[in-house]
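Only one structure is covered here, and it is reproduced in the block below.
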Amino acid sequence: MGFLQGSKPLRHVEEWDEFVQRRYTPGRSEADFRHYDAQASPKIAEFYRLNHENQTLDYVLRKEKQYFGLKRGPKSVWEAAEYLNTLVDDSDPDTDVTQIEHLLQTSEAIRKDGHPRWMVLVGFLHDLGKCLCLYGEPQWGVVGDTFPVGCAWSDQVVFPQYFRENPDAEIPEYQSLCGIYEPNCGLENVHMSFGHDGYIAEVMKPYLSDEALYMLRFHSFYAWHHHDAYQHLENEKDKAMLEWVRKFSSYDLYSKGHSKPDLEQLKPYYDNLFAEFLPEKVDW
Ligand SMILES: [Fe+2]
Ligand SMILES: [Fe+2]
């Protein structure tokens, strides 16, 4: 079984998520963020170093070309979720939630608060793009904060000091405030660092509303939705969508630790939900 290979990346993917969750504990000040980052484990710092050094515009364009054509074949949502769950090392006795459980905890928290059905669906879908790990992509290219490439990096991105070694630092065109973009061109026209957010948004683009797609595409863009950075690239649509992205983020961050969802019992609801918005199989 290939599972053993998959089990190691999972531990890092989870660690990265947990770091983000702790970082965004409610009520933190800007000073708290810096203080907390400085105390991050060496492993977390190393992930961000690799991420920030390797996510060049050129890298992003190559990865978009490789994956955004959706040529890896059709899968139903359940098939995609089960595939993602193979990242779990089932010989591991600790009680960490599985990938499917994280998706269900997020979507169930959204459902309990009475949000529209499409948002419940987004809760379930939002991390399915982590299957990039199973396609062989490095962890630093799948998870963690995302940010625009091809323009100056904001110091509101976590660990901004690691951008110094990114080769794009040497390209003056990419280092002006707006870089290769026009001011207020809109975030949909910006190349974001490559990861699971952008990929799942591409997969779902034919089927979901702008609000839903913004939640998927930008859920790890903390510099924007948590720190108000990159307003020089925002257009009116982004401003209108921001509140939805923020609304979603709180469920992604704080639904963990709730009781374990009962997949068996919930399955009929989700069968209906998927059928309402999506065809039987979607291209990945
Ligand atoms: Fe995510
Ligand atoms: Fe998540």
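For the record, in the sequence shown the residue sitting at position 263 is 264 according to our numbering, with numbers rising by one throughout. Every residue, glycine too, gets a C-beta built ideally from N, C-alpha and C. For clarity, every value in this text was computed on a predicted model and none was experimentally measured.
Is T87 near ligand 2, judged by its Cβ being under 8 Å from some heavy atom?
no
Option nearest Y200 by Cα separation, candidates Q67, P280 and Y270
Q67
Measure the C-alpha to C-alpha separation of P184 and K72 and round it to an integer number of angstroms.
33 Å
H197 Cβ short of 8 Å to ligand 1 heavy atom set:
yes
Reduced DSSP category for P139 - H, G, I as helix; E, B as strand; rest coil
coil
How many angstroms separate the CA atom of P139 from the CA atom of E16?
15 Å
DSSP three-state call for K76: helix, strand or coil?
strand
Please classify W79: is it buried, with 16 or more other beta-carbons within 10 angstroms of its beta-carbon, or exposed?
exposed
Would you kindly work out how many angstroms separate the C-alpha atoms of F48 and W141, rounded to a whole number?
6 Å
Counting pairs of beta carbons, one from the region 203 to 212 and one from the region 116 to 135, are three or more of them closer than 8 Å?
yes
In its own chain, which residues sit with a C-beta less than 8 Å from the C-beta of L135, not counting the 5 before and 5 after it?
G7, Y84, L85, T87 and L88
Rounded to whole angstroms, what's the CA-CA distance from F219 to Q266? Just pull it up for me.
31 Å
Could you name the residues of the same chain whose beta carbon sits closer than 7 Å to that of Q157, not counting the 5 residues immediately before and after it, in chain order?
A224, H228 and A230
Counting Cβ pairs closer than 8 Å, one from the region 175 to 184 and one from the region 149 to 166, do we hit at least three?
yes
Opposite M193 in the DSSP bridges: which residues?
P149
Compare the Cα-Cα distances from Y271 to each of P27, L104, E19 and Y37 and report the closest residue.
L104
Between L234 and L188, is the Cβ-Cβ spacing less than 9 Å?
yes
Selection from A213, Y37, E109 and F275 that minimises the alpha carbon distance to Y252
E109
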